[in-house]
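Note that the protein sequences, when read in sequence, are chains A and B.
For what it's worth, our numbering labels the leading residue of the first sequence as 1, then goes sequentially.
For what it's worth, our numbering labels the leading residue of the second sequence as 613, then goes sequentially.
Heads up: the structure comes next, in structure tokens.
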Amino acid sequence: MKQLQAINDFVVKFSNVNGSGSASANELFARAILRMGVPVSPRNIFPSNIQGLPTWYEVRINESGYQGRRGGVDLMVAMNPQTWDADLKEIESGGYLFYDSSKPLPKSKFRDDVNVVGMPLTEICNATYSDPRQRQLFKNIIYVGALSALLEIDAGEIEKLFSEQYKGKEALLQSNIKALRLGRDYALQHFTCPAGLRVKRSSNVGNKVFIDGNSATALGAVYGGATVCAWYPITPSSSLAEAFIRYCQKLRVDPASGKNRYAIIQAEDELASIGIAIGANWNGARAFTATSGPGISLMTEFIGLAYFAEIPVVIIDVQRGGPSTGMPTRTQQSDLLSCAYASHGDTKHVLLFPEDPAECFELAAQAFELADRLQTPVFVMSDLDIGMNSRLCNPLQWDDTRAYDRGKVMTYAELEAGKDFGRYLDVDGDGIAYRTYPGTHPTRGAYFTRGTTKDRYARYSETGPDYVDNVQRLLRKFETAKTLVPKPLLYPADKPARFGAIFYGSTSPAMQEALDVLAGRGIHINALRVRGFPFQDEIADFVASHPWVFVVEQNRDAQLKTLLVNETKINASRLISVLHYDGTPITARFIVDQIAQHAGARTVVPLKKVAS
Amino acid sequence: MTYLAKPRLHHPTLAKNKVGYTRRDYEGKISTLCAGCGHDSISAAIVQACWELNIEPHRVAKLSGIGCSSKTPDYFLGNSHGFNSVHGRMPSVLTGANLANRDLIYMGVSGDGDSASIGLGQFAHCMRRGVNMVYIVENNGVYGLTKGQFSATADKGSKSKRGVVNTEEPIDMIGLALLLGATFVARSFSGDKRQLVPLIEAAIEHRGAAFIDVISPCVAFNNHPGSTRSYDYVREHNEAVNRLDVITGREEITADYAPGEVTEITQHDGSVLRLRKLASDYDATDHVKVMHYLQQRAAAGEVVTGLLYLDPNAADLHSYLNTVDTPLNQLTERELCPRAVTLDRINASLR
């Protein structure tokens, strides 16, 4: 039988039951490979459930550092009988199946073209442990031990990880090491080790860090100066608020008094969450909320208020599959339009698109600067794929000389000196007016904030000219935003390219890989990664300079394309959508297939041209 | 309402308070509400209370939702920042504002539609969180701005101006506030300034969530026979359990009562509340008895007013969250931003 052979380039998928303690064992597996200097990108594929339903952990091991989901599985660690049939089907021909052979299975339950490695895990556990919980937990460690032998993973690295994790807890450390060795020794005695798939020590991890996007975003909020956070639990953003709590407890306690330089409220709902964030920002503190699509829907009235009353606020949207409750534990990029135009009336909002945890950190911190400078809501459009999976990325960076830009805030001294204060007065021609914090001056600078229309001095006014004057200034402000949001990044092809491709956010790793594969097939593509909305002219120029441009996104309705066509003078007929929206992260294989098909069709020279 | 602008020049003999302001300095824009609206009396009571307490107007932030009552912050304290937010959501906006700067005084003004219907949830959670604020509901039992629909506090069996009888149970804001953990609960009547002003003063001095339900008749839509929120009805059924004097550390403010049984309660900030009992055995610090008494009197058709409940040792949200004494909005990157060296350490732990 064919046996897949690969060194540092294969996919292992763990099929487990959720609530069985498999998550930490599986992450241990991924980390051990990282410690050997080999890049990995793991993904949790989990149900909206706490115990008993199927959950998967897919690890792509890739020497070149491609982090997108590859598609296909080379080694399936099948620990869940519920999903056996589907799991078996996913294995590539010549791939491997590792399973618990304690109970015999009929031959019909296997495939002829898959190499089977059966290990009586339950039997071993029952013989070794008497406590039912231990039997379950150590079963996970035992299979990691066995895999370390099968794949030639350095067991020393795993033991080192244990000793870091269980520092000072000697009993736990020893019992984990014992379980690990039990599995490893069994495999070495009973199986051909290594199998065809092997991990070989490398140096391709470098100084990269391994962190999930939600933690990185939370850290960005800490560095960006957020002091108030209000949130309501919702997958996949809850772990962001929880990470913010954790980092604040470590980094934001006044050493002298032991008191907190932050305030975090788990609110009663998303409406209150954004209300609190808006109230705090109105009063001069940097505040944010983290949520997902359903939360955005609930927040829209308040978002309109913040837009129209011009109050800074940062909203982190960790997108999931919509609409409605949709796919709570799957990923999509499907909130672009609902965020860009959130709320009734004429509104538009600033959006930022991080590609990975490193950019989550960077753009989260930048979001607070933009919100203060522009006095408007700013959305960080993360998603479940980036947010809830640990990803290898560049180290997080901060420049200590960086000072917070609190935007146009009139001070006591300026008011005292008699500077004219009109809350909605465009002094500098950039559409951004000065604001004051409550309590600044005894007799000057107070104003009334409202969602109703007003004149330049914040006086209630329903007259047409006052209204038009105000909303035209808001448009000027949006023009100013173009100069401040991060610019798109160009990835030029090595050879002259007829095709362009636009992509954003979590599509990035799959796209980078797809571009390389396509180039290998002679399809050269200039690519542009959009990082913010409103769109700069560079994007329209990019489209204008290519006959066809693919717009790659993870939603059904081509939301970025819609936004591009709506907001720029781009010729829509040049744009070809590549859309992936089944809730799984987009893969390089998918992009390559789609683009190759379209490109093939468009490379054929039309008959008319041949004739003429 | 009137279209005449208020004179900017004040009479030179107008009395000034200890911080140098006349009462006029606490006024706002001219009210656009109907002549005789109870809400304007409440605005006047807020002006009086802030003047008497020697509060600098700019140290107050006034927030509201949507509705007639929520328009009123424009009509008092013209030198304070005001925020007319969205319908029913004043509590959350105020909570955020309060977190950003613990040093200001927060006055939340709302109505019965704003707080008992669309905003019931936010009202509830703001009370149980113990946000340090004065929460005034200007309660008229009717939607005024949309012309006379019943609100959720309208009594069952009461009649609207168009003659419709309300068949739904009323929401008891006082009862809710007590259940939800408000640490200062009072009810008053916009037509009784002598009772209302000291209650607002005591609420301002209180640390924690202070709730005042003020029955405030709507002259346009709910002041007719058959209404239980009309001036006549409330005057007839008003049963005050006590009269209140507020004594700040500085001076006694009002003391024009006939002698009765007097209890003094010292609040957290040192201010003394002198309660003259009108109902025998009424102990405003006994949570369980207060709830029992109020249910009893409500069943008898009385509108009980006065300082109904007080926890003099209440704590507030900032103490629960253990926030620093410096307002969060005054912290800079120096206090807030961990340095690059810390980030390097974090990076190292992520390998």
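Idealized CB from N, CA, C, for every residue including glycine.
All of these numbers come straight from a predicted model, not from anything done at the bench.
Roughly how many angstroms separate the alpha carbons of Ala867/B and Arg635/B, rounded to a whole number? Stepping through the second sequence from its first residue, residue 867/B is reached at position 255. Stepping through the second sequence from its first residue, residue 635/B is reached at position 23. Per-residue confidence for Ala867/B stands at a pLDDT of 44, beneath the threshold of 50, marking its modelled position as unreliable; the derived number appears in the next sentence. One C-alpha to the other measures close to 20 angstroms.
What residue range is occupied by the uninterrupted beta strand (DSSP E) comprising Thr944/B? Counted from its first residue, the second sequence places residue 944/B at position 332. Annotation for Thr944/B: no beta strand (DSSP E) segment contains it, and DSSP assigns it neither H nor E.
Using only CA atoms, which one of Ala709/B, Gly679/B and Pro939/B lies nearest to Glu750/B? To locate residue 750/B, count along the second sequence from 1; it is residue 138. Check the Cα spacing between Glu750/B and each of Ala709/B, Gly679/B and Pro939/B: the tightest is with Gly679/B.
According to a CB-to-CB cut-off of less than 9 angstroms, which residues of the segment 932-943 of chain B neighbour chain A? Cβ contacts with chain A: Leu933, Asn934, Thr935, Val936, Asp937, Thr938, Pro939, Leu940, Asn941, Gln942 and Leu943.
Keeping to the same chain, check which residues put their C-beta closer than 7 angstroms to that of Glu538/A; ignore five residues upstream and five downstream. Within the first sequence, the letter at position 538 stands for residue 538/A. If we look at Glu538/A and ignore the five residues flanking it on each side, its Cβ neighbours are Lys487 and Pro488.
Spatially closest choice to Tyr57/A from Gly68/A, Val77/A and Pro39/A, by CA coordinates: Translated into positions along the first sequence, residue 57/A becomes position 57. Per the Cα distances, Val77/A.
Do you know whose CA, among Ala926/B, Thr644/B and Glu664/B, lies nearest Val797/B's CA? Taking the second sequence and counting its residues from 1, one reaches residue 797/B at position 185. Per the Cα distances, Ala926/B.
Sheet register partners of Tyr921/B (DSSP bridge): On the second sequence, position 309 is the one that residue 921/B refers to. According to DSSP, which records beta bridges pairwise, Tyr921/B is partnered with Val797/B.
Sequence-distant residues of the same chain with beta carbon closer than 7 angstroms to Pro871/B, five excluded per side: As a first step, residue 871/B must be located in the second sequence, where it is residue number 259. With a pLDDT of only 48 at Pro871/B, under 50, the local geometry of the prediction cannot be trusted, and the value read off the model is given with reservation. Same-chain partners within the cutoff: there are none.
Chain-ordered residues of the segment 429-462 of chain A with a beta carbon less than 8 angstroms from chain B: Of all residues in the segment 429-462 of chain A, those with a C-beta nearer than 8 angstroms to a C-beta of chain B are Thr436, Tyr437, Pro438, Gly439, Thr440, His441, Pro442, Thr443, Ala446, Tyr447, Phe448, Thr449, Arg450, Gly451, Thr452 and Tyr460, reading in chain order.
Report the three-state DSSP secondary structure of Pro42/A (helix, strand or coil). The count along the first sequence starts at 1 and reaches residue 42/A at position 42. Strand at Pro42/A.
Answer with buried or exposed for Val846/B, where buried requires no fewer than 16 other C-beta atoms within 10 angstroms of its C-beta. What you label residue 846/B is simply residue 234 of the second sequence in a count that begins at 1. Its Cβ being crowded by 16 or more others within 10 Å, Val846/B is buried.
So which of Asn394/A, Ile525/A, Gln332/A and Thr440/A has the shortest CA-CA distance to Gly387/A? Residue mapping note: residue 387/A aligns to position 387 of the first sequence, counting from 1. The candidate whose alpha carbon is nearest that of Gly387/A is Gln332/A.
What residue range is occupied by the uninterrupted beta strand (DSSP E) comprising Met76/A? On the first sequence, position 76 is the one that residue 76/A refers to. Taken as a continuous stretch (DSSP letters only), the beta strand (DSSP E) holding Met76/A covers Val73 to Ala78.
Which of the three DSSP states, helix, strand or coil, is assigned to His699/B? Locating residue 699/B in the second sequence gives position 87, where the first residue counts as 1. It is coil, neither helix nor strand.
Spatially closest choice to Asn850/B from Tyr638/B, Leu665/B and Val915/B, by CA coordinates: As a working note, residue 850/B is residue 238 in the second sequence. Nearest C-alpha to Asn850/B: Val915/B.
Any idea what DSSP makes of Arg862/B, helix, strand or coil? Against the second sequence, residue 862/B aligns to sequence position 250. Summary for Arg862/B: the model assigns pLDDT 48, below 50, so the residue's position carries little reliability, and this model does not support an answer.
For the beta strand (DSSP E) containing Trp548/A, list its first residue and its last residue. Here residue 548/A refers to the residue found at position 548 when the first sequence is read from its first residue. In the DSSP annotation of this structure, the continuous segment of the beta strand (DSSP E) that includes Trp548/A starts and ends at Trp548 to Glu553.
State the CB to CB distance for the pair Cys738/B and Thr707/B, rounded to an integer number of angstroms; the pair is presumed to be in contact (CB under 8 angstroms). Mapped onto the second sequence, residue 738/B falls at position 126. Mapped onto the second sequence, residue 707/B falls at position 95. With 8 angstroms as the limit, Cys738/B and Thr707/B qualify as a contact, their Cβ atoms being about 6 angstroms apart.
Run down chain B in chain order and give the residues with a C-beta less than 7 angstroms from the C-beta of Tyr412/A. Counting from 1 along the first sequence, the entry for residue 412/A is found at position 412. Correct list: empty, because the minimum Cβ distance to chain B is about 10 angstroms.
Pick helix, strand or coil for Leu621/B, following the three-state DSSP scheme. Taking the second sequence and counting its residues from 1, the one referred to as residue 621/B is at position 9. Judged by DSSP in its simplified three-state form, Leu621/B adopts coil rather than helix or strand.
Buried or exposed for His580/A, going by 16 or more other Cβ atoms inside 10 Å? Numbered from 1 along the first sequence, position 580 holds the residue referred to as residue 580/A. So His580/A ends up on the buried side.
Can you list, in chain order, the residues of the segment 702-735 of chain B whose Cβ is nearer than 9 angstroms to any Cβ on chain A? Result list: Met702, Pro703, Ser704, Val705, Leu706, Thr707, Gly708, Ala709, Asn710, Leu711, Ala712, Asn713, Asp715, Leu716, Gly733 and Gln734.
Comparing alpha-carbon positions, which option in Glu668/B, Gly787/B and Tyr638/B lies nearest Ser655/B? As a working mapping, residue 655/B is identified with position 43 in the second sequence. Nearest C-alpha to Ser655/B: Tyr638/B.
I'd like the span of the beta strand (DSSP E) that includes Asp825/B, first residue to last. Taking the first residue of the second sequence as 1, we reach residue 825/B at position 213. Unbroken beta strand (DSSP E) run through Asp825/B: Ala821 to Ile827.
Going along the segment 262-279 of chain A in order, which residues come within less than 9 angstroms of chain B, judged by CB to CB distance? The segment 262-279 of chain A vs chain B, Cβ under 9 angstroms: Tyr262, Ala263, Ile264, Ile265, Ala267, Glu268, Asp269, Leu271, Ala272, Ser273, Ile274, Gly275, Ile276, Ala277, Ile278 and Gly279.
According to the neighbour-count rule (16 or more other Cβ atoms, all chains shown, within 10 Å of its Cβ), is Asn214/A buried or exposed? Reading the first sequence from its first residue, position 214 is the one you call residue 214/A. When all chains shown are included, Asn214/A counts as buried.
So which residues on chain B does Lys259/A lean against when the C-beta distance must stay under 8 angstroms? Here residue 259/A refers to the residue found at position 259 when the first sequence is read from its first residue. Under the 8 angstroms cutoff, chain B gives Asn934, Thr935, Val936 and Asp937.
Looking only at its own chain, which residues have a Cβ that is under 8 angstroms from the Cβ of Ser48/A, when we skip the five neighbours before and after it? One-based indexing of the first sequence puts residue 48/A at position 48. The residues are Thr235, Pro328 and Thr329.
Pairs of beta-carbons, one from the segment 79-90 of chain A and one from the segment 519-527 of chain A, closer than 8 angstroms: are there three or more? Between the segment 79-90 of chain A and the segment 519-527 of chain A there are fewer than three inter-stretch CB-CB distances shorter than 8 angstroms, so the stretches are not counted as touching.
Give me the Cβ distance between Asp825/B and Arg799/B, rounded to the nearest whole Å; I'm assuming they're in contact under 8 angstroms. On the second sequence, position 213 is the one that residue 825/B refers to. On the second sequence, position 187 is the one that residue 799/B refers to. Their Cβ separation, rounded to whole angstroms, is 5 angstroms, which keeps Asp825/B and Arg799/B in contact under 8 angstroms.
Can you confirm whether Arg951/B, when its beta carbon is compared against all beta carbons of chain A, has any partner nearer than 8 angstroms? Residue mapping note: residue 951/B aligns to position 339 of the second sequence, counting from 1. With 8 angstroms as the cut-off, Arg951/B counts as an interface residue toward chain A.
What are the residues of the segment 293-326 of chain A that lie near chain B, defined by any Cβ-Cβ distance shorter than 7 angstroms? If the cut-off is 7 angstroms between Cβ atoms, the segment 293-326 of chain A has Glu301, Phe302 and Leu305 near chain B.
Using only the alpha-carbon positions, how far apart do His623/B and Glu414/A sit? Along the second sequence, one-based indexing puts residue 623/B at 11. Along the first sequence, one-based indexing puts residue 414/A at 414. Taking the straight line joining both Cα atoms gives about 30 angstroms.
Counterpart residues of Glu914/B in DSSP-defined beta bridges: Residue mapping note: residue 914/B aligns to position 302 of the second sequence, counting from 1. None, per the DSSP bridge assignment.
Helix or strand or just coil, what does DSSP make of Glu92/A? The sequence position of residue 92/A within the first sequence is 92, counting from 1. In this structure, Glu92/A counts as strand in the three-state DSSP scheme.
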